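So the structure is just underneath, and the comments pick up after that.
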Amino acid sequence: MLECMSDARSTPPPRKVSEESLRRLRAHLGVLNTATLQRLDSTLPWYRKLTPDERSSLGLIAQRGLTGFLSWFERPTTSISTVLGEVFGGAPTELTRSISLQRALQLIRTVVDVVEAQVPGIVQDRDQILVREAVLRYSREIAFALADVYARAAETRGAWDSRNEAVLLDAVLRGEAPDEILSRATAAGWNGDKGIMVMAGPTPAADLPTRLAGARRTAVRAGHDLLVGVQSERIVLVVGGVTDPSQAAHALTPWFGDGPVVYGPLSDSLVDAHRSAREALAGLAAAAAWPRAPRPAHAQDLLPERALHGDQAAIDVLVQRVFTPLQAAGNSLLETVDAYCELGHSLEGTARELFIHANTVRYRLRRVSEITGWDPLSPRDAYVLQTALVVGRLPPAPGSKL
1 MLECMSDARS TPPPRKVSEE SLRRLRAHLG VLNTATLQRL DSTLPWYRKL
51 TPDERSSLGL IAQRGLTGFL SWFERPTTSI STVLGEVFGG APTELTRSIS
101 LQRALQLIRT VVDVVEAQVP GIVQDRDQIL VREAVLRYSR EIAFALADVY
151 ARAAETRGAW DSRNEAVLLD AVLRGEAPDE ILSRATAAGW NGDKGIMVMA
201 GPTPAADLPT RLAGARRTAV RAGHDLLVGV QSERIVLVVG GVTDPSQAAH
251 ALTPWFGDGP VVYGPLSDSL VDAHRSAREA LAGLAAAAAW PRAPRPAHAQ
301 DLLPERALHG DQAAIDVLVQ RVFTPLQAAG NSLLETVDAY CELGHSLEGT
351 ARELFIHANT VRYRLRRVSE ITGWDPLSPR DAYVLQTALV VGRLPPAPGS
401 KL
């Protein structure tokens, strides 16, 4: 990791320090180590809050930094990469897990401050400027090395996080075993517990990374957890911590590409979220049949299109919520809806067809609305009711819950 640092950046001291000053530096190495640890403890509050093992590890790095500086200063031709490897050893990965880059640089700055403060009392006067300049050059190389370590760690962590997210999303969509989903959720850092909603829509034609980053920012600002999956021409979002599905869906919709966006019903947990995913994906697949569909659209608003597209779950809902209740209420409601839809939504025409008064038609249609929740006087609702009557009269398909 550290070998990639360019040695061309590193310039050796312009002249060798006197043997007497080198001898004094070596003799005071223990004093510098002690002073460094004391300065870390007194000036960096976050250092005092670390665990003993973490403090020991960082203290060891600081001590190696001092020793490495002395080795490099004694032998200016020594590769800085070699010295840096001796300073960090196998610690870079552990270092990135313990503290941020900012804090790591604070640690190095503290070491430099200690050395600069102690130099006048250690080395000869004629060597003090040389030692200070060397310390600054050395600390610069250490800072570059740390930045490289943290950048590589971030790349590795980002790739690992993306893989965990993709595996968890796949497990949710497939409806895998609860233990499997919960285990993967923990690995992915998922915090949401209730109010899980799945959205699906087209992949943007351009600026995909920007769009996905925007979706994540929107979710964070709203207090939602978010899983993002790009599946060829569609994007699937699993949104956690949702209390208002419509509000959450409208906030995230702008980050999809052009075309219909569909969101499923709320689920209580990730374990049950596959139901929301199934409805959202089924709605997206059938959304083209309703060009004027709202964007975003709830999967339940696309029941007729889903039923015509062969979605058995949508067929079952239409039969259970419309056909069966109307049939149980008496044939008069079914025949009234039939006639009303077939005669162009005409109250007078329906009354003549059924030989009843128009007010009776109004009463029956109002009863249909009360029983089903869909109002026949609304063109869209009438289409839902008509589709429900059609699929309700067909024999149940294999695998149907009816």
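Under the UniProt record's numbering, the first residue of the sequence shown carries the number 1, and numbering increases by one thereafter. Note that the Cβ used here is the ideal one computed from N, Cα and C, for glycine as well. Bear in mind that the values here come from a model prediction, so they are computed numbers and not experimental data.
Around the Cβ of residue 190, a 10 Å sphere holds 16 or more other Cβ atoms; the residue is buried. Sequence-distant Cβ neighbours of residue 175 in its own chain, meaning closer than 7 Å and more than five residues away, are 274. Secondary structure at residue 225: strand, using DSSP grouped into helix, strand and coil.
Following the DSSP letters along the chain, one finds residue 239 inside the beta strand (DSSP E) bounded by residues 234–240.
Boundaries of the alpha helix (DSSP H) harbouring residue 31: 29–43, taken from the DSSP string. Annotation for residue 317: the continuous alpha helix (DSSP H) segment containing it runs 312–318. If you check the CB distance, residue 227 and residue 237 come in under 8 Å. Rounded to whole angstroms, the separation of the alpha carbons of residue 336 and residue 164 is 55 Å. Spatial neighbours of residue 347 in its own chain (CB-CB distance under 6 Å, excluding positions within 5 residues in sequence) are listed in chain order as 358, 361. With fewer than 16 other Cβ atoms from the protein chains shown falling within 10 Å of its own Cβ, residue 100 counts as exposed.
Taking C-alpha positions only, residue 349 is separated from residue 342 by approximately 10 Å.
Segment contact: the region 43–62 against the region 135–147, fewer than three CB-CB distances shorter than 8 Å; contact not assigned. Looking at 32, 333, 263, the one whose alpha-carbon comes closest to that of residue 121 is 32. Here residue 63 is buried: its Cβ has 16 or more other Cβ atoms, across all protein chains shown, within 10 Å. Sequence-distant Cβ neighbours of residue 364 in its own chain, meaning closer than 7 Å and more than five residues away, are 332, 333, 336. C-alpha of residue 70 to C-alpha of residue 112: approximately 13 Å in a straight line.
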